[in-house]
Amino acid sequence: MRLHGITVVLVIAVALQVVYGLASTGHLSVLGRASTIDTTQLLTDTNREREIKGLAPLNLNQELNNAAELKAQDMLTYGYWAHTSPTGVTPWYWLSQANYYYDEAGENLAKNYPNASSTVAAWMASDGHRANILNDAYTDVGFAVAEGYLENEKTTLVVAYYGAPAGTLGVNTQNGSVYAPGLGGGNPFVNFSSSLQALNPASLIGIGLFALIGAIALAAHHYRDRLPKAWRNTWRAHHGMLTFIGMVGMMLLIVLATGGGQL
40 MRLHGITVVL VIAVALQVVY GLASTGHLSV LGRASTIDTT QLLTDTNRER EIKGLAPLNL
100 NQELNNAAEL KAQDMLTYGY WAHTSPTGVT PWYWLSQANY YYDEAGENLA KNYPNASSTV
160 AAWMASDGHR ANILNDAYTD VGFAVAEGYL ENEKTTLVVA YYGAPAGTLG VNTQNGSVYA
220 PGLGGGNPFV NFSSSLQALN PASLIGIGLF ALIGAIALAA HHYRDRLPKA WRNTWRAHHG
280 MLTFIGMVGM MLLIVLATGG GQL
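The sequence shown begins at 40 in this note's numbering and counts up one residue at a time.
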């Protein structure tokens, strides 16, 4: 594949993003992102994971919903994404503000996932987040989904609070886990897999195109001595390898740009 062929593929990838951005956001956007995260589906997917492990389902708790909403809005208002705010406010402050009294509580955070299923799947791929979802001490859960801007990037935040009401355990413990596309506990394969889950369909198609071209280029490089004579006359010794490296670079850029900005 020569320069004109690669150019055509790049145009196709950008066109896919533009069309998807226009369809999902209502305006022209090369990197358009639309999230359709529903709290009811978050509860369903969470309880499905607990059912697989033989655990009792969690009950949706309004106080925990309120606490999650307060935390989400605080992160958007003050421009941070962490358990503890820059001013030192911990997650458990929001539980007290919502009048939820507990023996044990946990917090999961996520951002920039397109739907509830991919959010819960990403949490389940990380030890800390999975531990909160599968904690058999918890009986309650609350969710909040909020959209706004963090570091000038349009962001969809998800906050989940898990709790065991006061008096049920006789202890008081707190657990927190943060999750975004790419934060997979240091395992690069988990990281890339989690990033892929955050991509929109246009990005996935674009990555598929680049992967196909990269595979063809790598094969052509390996078997370059067997190419037709007319091709060998104009085929540089390492043209296939350079094309392969370029395609991998394009795939990584797409994941970075549309998968939450992290690998």
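We treat Cβ as the ideally placed atom computed from N, Cα and C, and that holds for glycine.
1. Check glutamate 186 in the structure and name its three-state DSSP category.
2. Nearest CA to the CA of leucine 292: which residue from Leu148, Gly245 and Leu81?
3. Under the three-state reduction of DSSP, which class applies to valine 57: helix, strand or coil?
4. State the DSSP-derived secondary structure class of valine 50, mapped to helix, strand or coil.
5. Can you say whether aspartate 84 is buried or exposed, counting buried as having 16 or more other CB atoms within 10 angstroms of its CB?
6. Straight-line CA distance for lysine 150 to valine 47?
7. Which residues in the same chain have their Cβ closer than 6 angstroms to the Cβ of threonine 282, if we skip the five residues on either side of it in sequence?
8. Please report the residue range of the alpha helix (DSSP H) in which threonine 85 lies.
9. Alanine 304: which of Tyr141, Ala199, Asp113 and Tyr177 sits nearest, CA to CA?
10. So, for tyrosine 201: in the same chain, excluding its five sequence neighbours on each side, which residues have a beta-carbon less than 6 angstroms away from its beta-carbon?
11. For alanine 203, which option in Leu134, Val287 and His260 has the closest C-alpha, if you only look at C-alpha atoms?
12. Would leucine 115 and threonine 194 qualify as a contact pair, given that the criterion is a beta-carbon distance under 9 angstroms?
13. If you check the beta carbons only, do alanine 241 and leucine 55 fall under 9 angstroms apart?
14. Excluding the five sequence neighbours on either side, which residues of its own chain have a C-beta within less than 6 angstroms of the C-beta of histidine 260, listed in chain order?
15. Here's the rule I'm using: 16 or more other beta-carbon atoms within 10 Å means buried, otherwise exposed. How should alanine 95 be labelled?
16. Between asparagine 105 and valine 57, what straight-line distance do the alpha-carbon atoms span, to the nearest angstrom?
17. Under a Cβ-count criterion, where at least 16 other Cβ atoms within 10 Å of its own Cβ denotes burial, should threonine 75 be classed as buried or exposed?
18. Taking the runs of the alpha helix (DSSP H) that are 4 residues or longer, which of them lie wholly in the segment 132–163?
19. Quick one: Cα of isoleucine 284 to Cα of glycine 253, how far?
20. Using only the alpha-carbon positions, how far apart do histidine 168 and valine 159 sit?
21. Taking methionine 163 and glutamate 90 to be in contact with their CB atoms under 8 angstroms, please state how far apart those CB atoms are, rounded to whole angstroms.
22. Applying the criterion that 16 or more other CB atoms from any shown protein chain within 10 Å of the CB defines a buried residue, is leucine 251 buried or exposed?
23. Hey, aspartate 142 and serine 124 are a contact pair by Cβ (cut 8 angstroms); roughly how many whole angstroms apart?
24. Looking at the structure shown, is valine 198 part of a helix, part of a strand, or coil, going by DSSP?
25. Am I right that isoleucine 51 and leucine 248 are in contact with their C-beta atoms under 8 angstroms? What's the rounded C-beta distance?
26. Are the CB atoms of leucine 173 and glutamate 186 within a distance shorter than 9 angstroms?
27. Mind checking leucine 148: buried by the 16 CB within 10 Å criterion, or exposed?
28. Provide the residue(s) that pair with glycine 181 in DSSP beta bridges, ordered along the chain.
Once the coordinates are examined:
1. In the structure shown, glutamate 186 falls within a strand segment according to DSSP collapsed to helix, strand and coil.
2. Nearest to leucine 292 by alpha-carbon distance, out of Leu148, Gly245 and Leu81, is Gly245.
3. It is helical.
4. Helix, per DSSP.
5. Classification for aspartate 84: buried.
6. Whole-angstrom Cα-Cα distance: 33 angstroms.
7. For threonine 282, where only same-chain residues beyond five positions count, the Cβ hits under 6 angstroms are Ala256.
8. Where threonine 85 is concerned, the enclosing alpha helix (DSSP H) stretches over 78–91.
9. What the structure shows of the chain is the stretch from 40 to 302, and residue 304 is not part of that stretch, so it cannot be assessed.
10. Only Gly145, Asn171, Tyr177 and Val180 meet the Cβ criterion.
11. Nearest of Leu134, Val287 and His260 to alanine 203, Cα basis: Leu134.
12. Yes, the pair counts as a contact, with Cβ atoms nearer than the cut-off.
13. Cβ distance < 9 angstroms, so alanine 241 and leucine 55 count as in contact.
14. Counting only Cβ-Cβ distances below 6 angstroms, and skipping sequence neighbours, we find Gly279 and Met280.
15. Its Cβ having fewer than 16 others within 10 Å, alanine 95 is exposed.
16. Asparagine 105 and valine 57: Cα-Cα distance of roughly 36 angstroms.
17. By the neighbour-count definition (other C-beta atoms within 10 Å, threshold 16), threonine 75 is an exposed residue.
18. Those alpha helix (DSSP H) runs which fall completely within the segment 132–163 and span 4+ residues are 155–163.
19. Cα to Cα, the separation comes out at about 8 angstroms.
20. Spanning the two alpha carbons is a distance of roughly 9 angstroms.
21. Between methionine 163 and glutamate 90, the beta carbon gap of about 13 angstroms keeps them out of contact (Cβ cut-off 8 angstroms).
22. By the 10 Å Cβ count, leucine 251 comes out exposed.
23. That pair is no contact at about 24 angstroms.
24. Three-state DSSP puts valine 198 in a strand.
25. Sure, about 7 angstroms apart at Cβ, within 8 angstroms.
26. No, they are not a contact pair.
27. Under this definition leucine 148 is a buried residue.
28. Beta-bridge pairing links glycine 181 to Tyr200.
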